[in-house]
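Accompanying notes for the structure given below.
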Amino acid sequence: MTPIALTVAPALAPQPLCLGTAFPRRPASEVLADAAEAAAAAEVGGEGDAIDVYGRGAWLESFESEVASEFGKESALFFPTGVCAQLAALCVYAGGVGRGAGDLMPRLSRPSFIVQATSHLLLHEEDAARQLLGFTPLVVGAKDRPLSPADVEKEMSRLAAVGARPCCILLEVPHRELGCETLRLDELREMRRLAVQYEVPLHADGARLLEVAPHYGLPLPELCRLFDSLYVSFYKGLGGVTGAMLLGSPTVTREAAVWRRRLGGNPFTVAPYALSCRAAFRAHRGSFDARWRRLQQLAHVYLRGDAAALDAARDAVLRERGVRVYSRLRGAAVGPEADECYFELTLGPRHLEVADAVYVGAWRAFFAALGPQPGGRKGVGDAEPQS
């Protein structure tokens with residue numbers, strides 16, 4: 066037999082430190098190698114084969130139970146995406162779907178849910194809840210602040226007056242598009258009271274719940290008891306390749322499994338994703354308190370100026386110092402004068418070891434490279450970067 070020659074690709078250059086991104090993007094070879102290592106460890110450790118079949122398998126079910134216990138919920142169900150997880154939750158609470166967005170069915174006769182204007186379901190999912198499932202999002206409150214108990218009570222009272230009721234209240238904790246602003250604990254408890262009073266489930270979009278949980282000063286299970294169900298992400302603050310978990314009662318997850326299948330979120334196996342997610346969950350779930358304390362030491366500013374000029378200054382710092390101050394701008398020409406840009410700042414475990422001087426030096430170099438802006442502005446709000 067002729068031997069097969071294997072060519073080993075040269076190692077990729079290490080990613081520079083990015084001060085604004087929790088986890089750097091990694092090459093596929095590294096991600097898949099980690100998954101293979103995790104699978105081998107599970108087999109050697111007596112956990113059996115990690116390959117599930119259409120979401121069923123002892124290893125995956127053990128992971129789901131582990132996460133459910135961590136969050137104080139009875140049951141959990143793995144999904145490849147958070148979009149699928151939350152659409153499935155809506156379908157469970159509505160007992161089905163509407164007849165489509167284009168029919169003549171009266172608006173309030175369709176399944177509906179209460180939601181804030183900047184929800185991920187409204188901005189980043191191609192309007193799937195409405196266009197695909199025939200739901201009516203009941204957008205209440207103001208666009209520039211979190212959904213409040215007063216907003217919800219007003220809407221619930223209005224609906225009750227005409228004999229209508231939404232399938233659930235969907236609350237984002239925290240509100241990503243509002244700079245991760247979140248409700249106070251007493252407001253969350255009032256949301257719970259309203260949900261009980263009106264007999265409407267309270268569901269949390271908890272994609273970034275772990276990041277904000279230290280703010281509330283409660284054990285995670287106690288915080289999560291305020292919600293009938295919640296979704297959590299494994300790739301944002303935890304660094305998994307992709308994946309999500311829907312948590313709630315056994316009834317919710319059992320019915321959600323049916324909708325997961327109907328929505329196309331039930332491939333033959335999710336093992337590569339789930340292996341990565343479990344490894345990330347176990348490695349980083351205990352780091353959020355320290356990350357929270359570290360984040361409070363850093364200054365936050367809006368960047369004023371042309372997006373191309375800001376990116377050029379970012380790249381100049383990268384060349385000079387080998388540090389990227391942010392990954393990419395997520396918004397441009399925003400703010401009262403349409404002259405502000407913003408990016409999403411997330412801290413990962415590695416940032417706990419980065420000295421303040423690295424942040425301050427990199428940002429000072431950024432503003433020096435940016436230079437004076439039109440109107441005499443320096444590219445920031447009312448503050449210089451501070452240590």
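To convert, count from 1 in the sequence shown and add 65; that's our numbering.
Every residue, glycine too, gets a C-beta built ideally from N, C-alpha and C.
Own chain partners of residue i with C-beta closer than 7 Å, once the 5 adjacent residues on each side are dropped
i      : result
Gly147 : Ala272, Tyr296, Ser298 and Ala309
Leu383 : Pro81 and Arg389
Asp133 : This sequence places Ala at residue 133; Asp is not what is there. Glu139, Ser140, Ala141 and Leu312, listed in sequence order.
Ala345 : Phe299, Leu303, Gly304 and Gly305
Leu328 : Cys149, Leu152 and Ala153
Lys208 : Ala182 and Thr183
Arg379 : Arg389, Val390, Tyr391 and Phe431
Pro89  : Gln80 and Cys83
Ala115 : Ala104, Ala107, Trp124, Ala336 and Leu340
His349 : Leu303, Gly304 and Pro414
Cβ neighbours of residue i in the same chain (closer than 8 Å, five flanking residues each side left out)
i      : result
Arg386 : Gly426, Ala427 and Ala430
His416 : Leu84, Ala87, Arg356 and Arg359
Cys245 : Pro239, Arg273, Glu276 and Val277
Gly351 : none
Arg210 : Leu243 and Glu246
Residues that residue i bridges to, as DSSP identifies them
i      : result
Arg369 : Glu405
Ile234 : Ile179 and Leu267
Thr201 : Ser177
Glu218 : Looking at the DSSP assignment, Glu218 forms no beta bridge with any residue, so it has no partner.
Glu246 : His240
Three-state secondary structure (DSSP) of residue i
i      : result
Ser140 : strand
Arg239 : For clarity, residue 239 is Pro in the given sequence; the question names Arg instead. Pro239 falls in the coil class under three-state DSSP.
Ser452 : At Ser452, the pLDDT of 36 sits below 50, so the modelled position is not reliable and the matter cannot be decided from this model.
Arg210 : coil
Thr146 : coil
Glu190 : coil
Leu84  : coil
Thr318 : helix
Val323 : helix
Val388 : strand
Arg393 : coil
Val425 : helix
Arg468 : In the structure displayed, the chain extends from 66 to 452; residue 468 sits before or after that span and is not available.
Ala434 : helix
Glu108 : helix
Leu169 : Only weak support exists for where Leu169 lies, its pLDDT of 48 falling under 50; the value from the coordinates is given anyway. Three-state result, Leu169: coil.
Arg91  : coil
Ala420 : coil
Leu412 : coil
Gln361 : coil
Asp114 : coil
Sequence-distant residues of its chain with Cβ nearer than 6 Å to residue i (five each side left out)
i      : result
Leu186 : Ala194
Ala159 : Pro176 and Cys232
Ala103 : Leu340 and Ala344
Gln181 : Gly206 and Leu212
Thr307 : Tyr300 and Tyr338
Val96  : Val306
What are the uninterrupted segments assigned as beta strand (DSSP E) that are 3 or more residues long and contained completely in the segment 269-313, given in chain order?
294-298 and 309-313
Are the segment 278-291 and the segment 250-265 touching, with three or more C-beta to C-beta distances below 8 Å?
yes
Are the segment 259-270 and the segment 206-225 touching by the rule of at least three beta carbon pairs closer than 8 Å?
yes
Inter-stretch contact at 8 Å, needing at least 3 Cβ pairs: the segment 277-286 / the segment 314-328:
no
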